[in-house]
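One line per chain: the protein sequences are D and Y, in this order.
For what it's worth, the numbering used here labels the leading residue of the first sequence as 3, then goes sequentially.
For what it's worth, the numbering used here labels the leading residue of the second sequence as 3, then goes sequentially.
Read the structure below first, then the notes.
Protein chains: 2
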Amino acid sequence: MDFTELVRTRRSLREYSDEPIDDTTLEQVFAKTAMAPSGYNLQPWEFLALREPESKKRLQEVAYGQEQVTDADTAVVVLGTTKPAAHAEAVFEDWVKKGYLPDKEAKARLIENVTGMRESSADNLRRWTTRSTALAAMTLMYAAWEEGIASCPMEGFDSEALVEEFDIPDEYEPIMLVTLGYPAADAKTLDRERKGRRPVDEILHFEEFEPAEATTLTLPLKD
Amino acid sequence: MDFTELVRTRRSLREYSDEPIDDTTLEQVFAKTAMAPSGYNLQPWEFLALREPESKKRLQEVAYGQEQVTDADTAVVVLGTTKPAAHAEAVFEDWVKKGYLPDKEAKARLIENVTGMRESSADNLRRWTTRSTALAAMTLMYAAWEEGIASCPMEGFDSEALVEEFDIPDEYEPIMLVTLGYPAADAKTLDRERKGRRPVDEILHFEEFEPAEATTLTLPLKD
Numbered sequence: 003m004d005f006t007e008l009v010r011t012r013r014s015l016r017e018y019s020d021e022p023i024d025d026t027t028l029e030q031v032f033a034k035t036a037m038a039p040s041g042y043n044l045q046p047w048e049f050l051a052l053r054e055p056e057s058k059k060r061l062q063e064v065a066y067g068q069e070q071v072t073d074a075d076t077a078v079v080v081l082g083t084t085k086p087a088a089h090a091e092a093v094f095e096d097w098v099k100k101g102y103l104p105d106k107e108a109k110a111r112l113i114e115n116v117t118g119m120r121e122s123s124a125d126n127l128r129r130w131t132t133r134s135t136a137l138a139a140m141t142l143m144y145a146a147w148e149e150g151i152a153s154c155p156m157e158g159f160d161s162e163a164l165v166e167e168f169d170i171p172d173e174y175e176p177i178m179l180v181t182l183g184y185p186a187a188d189a190k191t192l193d194r195e196r197k198g199r200r201p202v203d204e205i206l207h208f209e210e211f212e213p214a215e216a217t218t219l220t221l222p223l224k225d
Numbered sequence: 003m004d005f006t007e008l009v010r011t012r013r014s015l016r017e018y019s020d021e022p023i024d025d026t027t028l029e030q031v032f033a034k035t036a037m038a039p040s041g042y043n044l045q046p047w048e049f050l051a052l053r054e055p056e057s058k059k060r061l062q063e064v065a066y067g068q069e070q071v072t073d074a075d076t077a078v079v080v081l082g083t084t085k086p087a088a089h090a091e092a093v094f095e096d097w098v099k100k101g102y103l104p105d106k107e108a109k110a111r112l113i114e115n116v117t118g119m120r121e122s123s124a125d126n127l128r129r130w131t132t133r134s135t136a137l138a139a140m141t142l143m144y145a146a147w148e149e150g151i152a153s154c155p156m157e158g159f160d161s162e163a164l165v166e167e168f169d170i171p172d173e174y175e176p177i178m179l180v181t182l183g184y185p186a187a188d189a190k191t192l193d194r195e196r197k198g199r200r201p202v203d204e205i206l207h208f209e210e211f212e213p214a215e216a217t218t219l220t221l222p223l224k225d
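Here it is in structure tokens:
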């Protein structure tokens, strides 16, 4: 589907039908997700897809009981590694091979830089991984919608409880949840007017930053 | 353009032509950006677009001299507010009006919740705003590419120096930079094979999370 049309029609939807997402379609959605950009192409993202009713129930318990977690065909825990160099060797070897880096010395210097980021504060590393991983999460939601699969990004969950429940290793950080499923035929959300957005002239500032004094809402992308 | 095709062909590109982006096209790109999802639809994003050579030069000085900042038609500083309730009143009023919330009491409770997030640590708030703002930044890059405008996301800049140079108020956080411009006809990047990505079976985990032991790179979305 046309990207403009995707943006125009995408809704964050929590009401799903029972129609299952087939494995090939899900794989295709994640093939697109995998193509997202990231700082230094380090691809810090990981996706834990829960499809079994029992697993989704466990996630729901650490997500304040939100119904869409079990109603969805697939509930995805979006994780980011906080180890910048986790994939650096393979990534920079690829750069040398394809001509993005001149030689092995340039590669060694880059690996050293990226490994050095590890010395940054834990908070900086969590923000670093949040940034690139969210780029992939947005790609996931557009790729899903292109297949007619609705999504709902969620940040309401108990991060520590989630890490404990799903035995997430220390160097991974839960970034957000994304539920995926075909829209319910009678989804109430689809009967409602789309939620408003801040207009372009309030969010886009030229040459200097002066925040708008008030918030107005409209639909910047016209139907 | 088809979203699959956008994902397949998008490259992070630093080599731009001199062809200017016209105002209407830029506005249309940001109209799509504005439609991105965000937690509670709070839309914490702001975009400072630098188009004057002098402004881009000032940004380049706080971005380690990277050439693409001045070579681009437009260099965008992507900012996020760390005040979750900045737009809450307007956003939840819109929910009441459109039937997403039953009444004014429900609205008052939500505003209270969101205002309470302000008590969270500064680091949590920075991570919160990074998450939603990066969703908009990814939308910006796809929307640009749909118009044939290439982009390069950048996280290499001195955040404190940027805040000082552009007089960014305390409650806003620089999330990343995105340069925008039409590709140079002789862009070397376009002659090179696209940078590899971690394959779906390494990033997608079903039911339990076991990180892959090694990194391999391929192009998950086939040409």
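For glycine and all other residues, C-beta sits at the position ideal for the given N, C-alpha and C.
These numbers were taken from a predicted model, which means no experiment stands behind them.
7 Å CB neighbourhood of residue i in its chain, flanking five on each side removed
i, result
"Glu148/Y", "Met3 and Leu8"
"Pro222/Y", "Arg199, Pro201 and Val202"
"Gly150/Y", "Tyr184"
Rounded separation between residue i and residue j - CA only
i, j, result
"Gly41/Y", "Lys106/D", "43 Å"
"Met140/D", "Phe49/D", "13 Å"
"Thr217/Y", "Ala92/D", "6 Å"
"Pro171/Y", "Pro46/Y", "14 Å"
"Phe94/Y", "Ala108/Y", "9 Å"
"Thr220/Y", "Phe32/D", "14 Å"
"Glu56/Y", "Ile23/Y", "18 Å"
"Gly67/D", "Leu52/D", "16 Å"
"Leu142/Y", "Thr6/D", "12 Å"
"Ala88/D", "Arg12/Y", "24 Å"
"Lys197/Y", "Gly118/Y", "43 Å"
"Arg60/Y", "Asp169/Y", "12 Å"
"Glu29/Y", "Leu44/Y", "21 Å"
"Ala145/D", "His207/Y", "18 Å"
"Arg10/Y", "Arg194/D", "34 Å"
Neighbourhood of residue i by C-beta distance below 8 Å, restricted to the same chain and skipping five residues each side
i, result
"Thr181/D", "Arg16, Tyr18, Gln70, Val71, Asp73, Ala74, Thr76, Ala77, Val78, Ser153, Cys154 and Met156"
"Lys190/D", "Glu17"
"Phe211/D", "none"
"Ile113/D", "Ala87, Ala90, Glu91 and Phe94"
Sequence-distant residues of the same chain with beta carbon closer than 6 Å to residue i, five excluded per side
i, result
"Ala214/Y", "Glu204"
"Val64/D", "Phe159, Asp160, Ala163, Leu164 and Glu167"
"Pro185/D", "Leu15 and Ala152"
"Trp97/Y", "Leu103"
Proximity test, residue i beta-carbon vs the ligand MG heavy atom, cut-off 7 Å
i, result
"Thr131/Y", "With respect to the ligand MG, the structure offers nothing, as it holds no ligand at all."
Legend entry - At least three beta-carbon pairs within less than 8 Å, the stretch 173–187 of chain D to the stretch 73–85 of chain D: yes
Inset, instruction - Determine, using beta-carbon pairs with one atom in the stretch 16–36 of chain D and one in the stretch 200–208 of chain Y, whether at least three such pairs fall under 8 Å. - result: yes
Inset, instruction - Can you give me, in chain order, the residues of the stretch 25–53 of chain Y that have a beta carbon less than 9 Å from any beta carbon in chain D? - result: Leu28, Glu29, Gln30, Phe32, Ala33, Lys34, Thr35, Ala36, Met37, Ala38, Pro39, Ser40, Gly41, Tyr42, Asn43, Gln45, Trp47, Glu48, Phe49, Leu50, Ala51, Leu52 and Arg53
Inset, instruction - Say whether the stretch 117–137 of chain Y touches the stretch 121–140 of chain D, bearing in mind that this needs 3 or more beta-carbon pairs closer than 8 Å, one atom from each stretch. - result: yes
Legend entry - contact_flag[the stretch 153–162 of chain D, the stretch 11–18 of chain Y] where n(CB pairs < 8 Å) is 3 or more: no
Legend entry - Runs of alpha helix (DSSP H) wholly within the stretch 143–203 of chain D (minimum 4 residues, chain order): 161–167
Inset, instruction - Using a Cβ-Cβ cut-off of less than 8 Å, list which residues of the stretch 160–183 of chain Y approach chain D; keep chain order. - result: Phe168, Asp169, Ile170, Pro171, Tyr174, Ile177 and Met178
Inset, instruction - Please specify which runs of the alpha helix (DSSP H), each continuous and at least 4 residues long, are wholly inside the stretch 62–86 of chain Y, giving them in chain order. - result: 70–73
Inset, instruction - Would you check if there are 3 or more beta carbon pairs closer than 8 Å linking the stretch 129–149 of chain D to the stretch 82–93 of chain D? - result: yes
Inset, instruction - Could you name each continuous alpha helix (DSSP H) segment of 4 residues or more that falls completely within the stretch 100–137 of chain D, going from the start of the chain to the end? - result: 106–118
Inset, instruction - For the stretch 136–155 of chain D, enumerate the residues whose C-beta is nearer than 9 Å to any C-beta of chain Y, in chain order. - result: Ala136, Leu137, Ala138, Ala139, Met140, Thr141, Met143, Tyr144, Ala145, Trp147, Glu148, Ser153, Cys154 and Pro155
Legend entry - Selection of the stretch 94–109 of chain Y by Cβ proximity to chain D, strictly under 9 Å: Glu95, Asp96, Trp97, Lys99, Lys100, Gly101 and Tyr102
Inset, instruction - Note down, in chain order, all residues in the stretch 4–17 of chain Y with a beta-carbon under 7 Å from any beta-carbon belonging to chain D. - result: Asp4, Phe5, Thr6, Leu8, Val9 and Ser14
Legend entry - beta strand (DSSP E) runs wholly inside the stretch 4–74 of chain Y, at least 3 long, in chain order: 47–52
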